[in-house]
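Encoded as structure tokens, the structure appears first; notes follow it.
2 protein chains.
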Amino acid sequence: MNPFLDLLLVLATLVYSYLEAFVKLFIPVKRKSVSGELVLITGAGHGVGRATAFEFAKRQSRLVLWDINKVKKDIGDVSILVNNAGVITAADLLSTQDHQIERMFEVNILAHFWTTRAFLPTMMKNNYGHIVTVASAAGHFVTSFMVAYCSSKFAAVGFHKALTEELSTLGKDGIKTTCLCPVFINTGFVKNPSTRLGKILEIEEVVEALMEGILTNQKMVFVPSHLSFALFSEMLFPERTLAVLKKLTDVKFDAVVGQRSTQ
Amino acid sequence: MNPFLDLLLVLATLVYSYLEAFVKLFIPVKRKSVSGELVLITGAGHGVGRATAFEFAKRQSRLVLWDINKVKKDIGDVSILVNNAGVITAADLLSTQDHQIERMFEVNILAHFWTTRAFLPTMMKNNYGHIVTVASAAGHFVTSFMVAYCSSKFAAVGFHKALTEELSTLGKDGIKTTCLCPVFINTGFVKNPSTRLGKILEIEEVVEALMEGILTNQKMVFVPSHLSFALFSEMLFPERTLAVLKKLTDVKFDAVVGQRSTQ
């Protein structure tokens with residue numbers, strides 16, 4: 008517990024980490040195989056969940072697909088399980104009915120809690136698995152008129168970080184975690200979103216980033232990836248500068264209208 | 008929409024903000040008066056809520072105090088209202104009963120949603136008020152074995168940030184917001200907490216920082232205040248270095264045991 012030795016240890020780790028990161032730049036990234044692996048996807052009937060199911064099906068995973076909507080049967084040789092996880096309803100703090108805020112939390116975080124709790128004991132016993140938490144850029148950066156949504160997505164990010172920390176403390180290094188944080192996706196969840204930061208994401212590019220993140224065991228997947236720099240600048244710049252930057256990025260949408268149904 | 012002008016604007020704001028912050032170092036901070044103001048405190052029967060009630064009573068505010076426990080009558084000339092806001096139960100992901108996780112969210116964030124929603128319309132109409140969200144250092148930094156707690160506190164921080172952003176967008180600059188983020192407080196919520204980062208906080212010092220934050224309209228109140236640097240270092244350092252730093256800070260507690268009742 009010598010402060011000097013502590014400092015030395017921190018500096019040594021710091022240098023080692025940077026060197027390692029530099030060396031890794033020249034080594035091809037290894038992707039793990041998910042062939043034959045059991046993959047459970049909640050919300051698999053639409054949007055990102057559905058497209059992700061296709062990706063795992065292509066890679067010969069065994070799939071268990073959950074959704075409140077009937078899952079389309081054209082995904083391939085999959086076992087299909089439909090349950091009543093909840094209803095996604097977008098709600099803003101002032102204009103909501105009494106139970107919509109609770110439902111937002113139920114869908115965005117509590118359902119994920121319950122699912123994780125059901126499968127974690129087996130994963131822990133085998134020290135094997137991968138838990139993907141679908142959050143949002145709104146779990147790091149707030150947007151007006153989406154108070155309940157942002158809050159529930161902050162909760163999802165916190166869940167992922169705390170779970171990751173706990174698994175590390177318990178030495179369960181075989182259980183990997185990934186948190187997906189995309190900006191607006193064109194799924195009809197918000198109407199006519201637009202931002203100067205870049206075009207609105209299509210489902211396909213989000214799923215591509217997610218699959219790459221899962222197969223290479225990335226902990227935090229921002230889509231687009233430069234969002235992590237924005238997070239850093241948020242710590243660095245004074246509030247007034249951030250306000251100007253925010254105004255310049257010009258995030259806009261007409262209304263929160265609930266999720267687009269699958270065609 | 009000229010990128011060069013945009014950059015110039017950002018840089019000018021940056022320089023202005025730093026200059027302003029420098030000048031403010033030499034100007035005494037102004038504290039607002041809360042005499043005669045109506046102050047609603049949830050969880051006023053114990054811990055930080057109770058001590059905060061005393062502080063406002065000293066400053067001649069009109070108090071409305073809510074708690075599930077009976078509020079002690081020795082606070083002074085106050086109107087007392089007791090409701091059933093919920094029960095604080097600490098829960099970890101693996102060892103909880105079925106509804107404890109929901110209850111954690113109910114107490115740490117949903118009750119605050121409901122309360123805010125009840126009073127926000129009047130505040131908006133008058134463009135006047137101050138909303139204090141009690142979060143935690145655990146809303147920024149995760150700790151093992153407190154997955155549900157961390158997640159719900161992340162939600163509280165997200166709520167505060169999104170609400171602040173929305174009020175700013177709506178031009179309601181008369182409504183101030185403050186988010187309280189202390190590390191472990193000696194209220195009996197966790198048993199025998201200890202960390203090398205500094206001593207465990209006593210209720211009094213947390214309330215002192217909170218009152219200063221409210222009276223000077225600070226948006227984020229970290230206790231101890233150097234926590235904001237820790238948050239910054241989390242963005243700056245590689246994961247392995249952070250793991251070493253975390254090990255050195257040595258956060259420990261025996262068990263999460265629920266909240267200490269008032270004597």
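Note that the protein sequences, when read in sequence, are chains A and B. Quick note: the first sequence uses my numbering, first residue 8, plus one each step. Quick note: the second sequence uses my numbering, first residue 8, plus one each step. We put the CB at the ideal spot given by N, CA and C, even for glycine.
Per-residue burial, residue i [other beta carbons within 10 Å of its own, 16 or more giving buried]
i, result
"Ala28(B)", "exposed"
"Asp84(B)", "Its pLDDT being 38, under 50, Asp84(B) is placed unreliably in this model, and the value from its coordinates should be taken loosely. It is exposed - the Cβ of Asp84(B) has fewer than 16 other Cβ atoms within 10 Å."
"Phe11(A)", "exposed"
"Lys183(B)", "buried"
"Asp180(B)", "exposed"
"Tyr23(A)", "exposed"
"Leu26(A)", "exposed"
"Thr129(B)", "exposed"
"Leu177(A)", "exposed"
"Met242(B)", "exposed"
"His167(A)", "buried"
"Ala98(A)", "Low per-residue confidence applies at Ala98(A): pLDDT is 31, beneath 50, and the placement is therefore not dependable, though the value from the model is reported in the following sentence. So Ala98(A) counts as buried."
"His233(B)", "exposed"
"Ile116(A)", "buried"
"Leu18(A)", "exposed"
"Leu70(A)", "buried"
"Ser86(B)", "In this prediction, Ser86(B) has a pLDDT of 37, which is less than 50 and means its spatial position is unreliable; what the coordinates show is noted afterwards. Its Cβ having fewer than 16 others within 10 Å, Ser86(B) is exposed."
"Ser68(A)", "buried"
Residues that residue i bridges to, as DSSP identifies them
i, result
"Met227(B)", "Cys186(B)"
"Trp73(B)", "Thr49(B)"
"His137(A)", "Lys183(A)"
"Leu307(A)", "Nothing in the structure corresponds to residue 307(A), since chain A is present only between 8 and 270."
"Ile210(A)", "The partner list for Ile210(A) (beta bridge, DSSP) is empty, contrary to what the question assumes."
"Ile192(B)", "Leu208(B)"
Residue from the options with nearest C-alpha to residue i
i, options, result
"Glu62(B)", "Val228(B), Met218(B) and Thr171(B)", "Met218(B)"
"Glu44(B)", "Arg110(B), His233(B) and Ala64(B)", "Ala64(B)"
"Val190(B)", "Ser235(B), Pro231(B) and Val154(B)", "Pro231(B)"
"Phe229(B)", "Met242(B), Thr185(B), Leu255(B) and Glu241(B)", "Thr185(B)"
"His137(B)", "Thr122(B), Val213(B) and Val154(B)", "Thr122(B)"
"His53(A)", "Thr248(A), Lys160(A) and Glu211(A)", "Glu211(A)"
"Lys39(B)", "Gly220(B), Lys253(B), Arg247(B) and Pro245(B)", "Gly220(B)"
"Glu113(B)", "Val213(B), His233(B), Lys160(B) and Glu173(B)", "Lys160(B)"
"Ala144(A)", "Ser151(A), Ala125(A) and Cys157(A)", "Cys157(A)"
"Cys188(B)", "Gly50(B), Val55(B) and Ala60(B)", "Val55(B)"
"Asn224(B)", "Leu238(B), Met153(B), Pro245(B) and Tyr135(B)", "Tyr135(B)"
"Thr49(B)", "Val41(B), Asp74(B) and Arg69(B)", "Asp74(B)"
"Ala142(A)", "Ala162(B), Val141(B) and Lys31(B)", "Ala162(B)"
"Glu173(A)", "Leu170(B), Glu173(B), Met153(B) and Glu172(B)", "Met153(B)"
"Arg66(B)", "Leu222(B), Val30(B) and Gly165(B)", "Leu222(B)"
"Ala155(A)", "Phe33(B), Arg124(B), Lys132(B) and Met227(B)", "Arg124(B)"
Residue i beta carbon near the ligand PLP (any heavy atom closer than 8 angstroms)
i, result
"Thr176(B)", "This structure simply doesn't include the ligand PLP, nor any ligand for that matter."
Where residue i meets chain A, residues with beta-carbon distance less than 8 angstroms
i, result
"Tyr25(B)", "Pro245"
"Thr150(B)", "Ala169 and Glu172"
Under 7 angstroms by beta carbon: chain A residues contacting residue i
i, result
"Met153(B)", "Ala169"
"Leu255(B)", "Asp13"
"Gly178(B)", "Within 7 angstroms Cβ-Cβ: nothing; Gly178(B) doesn't reach chain A, min ~11 angstroms."
"Leu252(B)", "Val17"
"Thr248(B)", "Val17, Thr20, Leu21 and Ser24"
Per-residue contacts from residue i into chain B (C-beta, under 9 angstroms)
i, result
"Ile108(A)", "Leu117, Phe120, Trp121 and Arg124"
Interface partners of residue i on chain B, CB under 8 angstroms
i, result
"Gly181(A)", "Simply none; closest approach about 17 angstroms."
"Ala162(A)", "Phe112, Ile116, Ser158, Ser159, Phe161, Ala162 and Gly165"
Neighbouring residues, chain B, relative to residue i (Cβ below 7 angstroms)
i, result
"Cys6(A)", "The shown model of chain A, from 8 to 270, leaves out residue 6(A), and the question about it has no answer."
"Phe239(A)", "Met242"
Amino acids of chain A, ordered along the chain, whose beta-carbon sits closer than 9 angstroms to that of residue i
i, result
"Ala28(B)", "Pro245"
>> Which residues of the stretch 110-134 of chain A have a Cβ closer than 9 angstroms to any Cβ of chain B? Give them in chain order.
In response: Phe112, Glu113, Ile116, Leu117, Phe120, Trp121, Thr123, Arg124, Leu127, Pro128 and Met131
>> Beta carbons nearer than 8 angstroms to chain A: which residues of the stretch 11-25 of chain B have them?
In response: Asp13, Leu16, Val17, Thr20, Leu21, Tyr23, Ser24 and Tyr25
>> Counting only Cβ-Cβ distances shorter than 7 angstroms, please list the residues of the stretch 32-61 of chain B near chain A, keeping chain order.
In response: From the stretch 32-61 of chain B, no residue has a Cβ closer than 7 angstroms to chain A.
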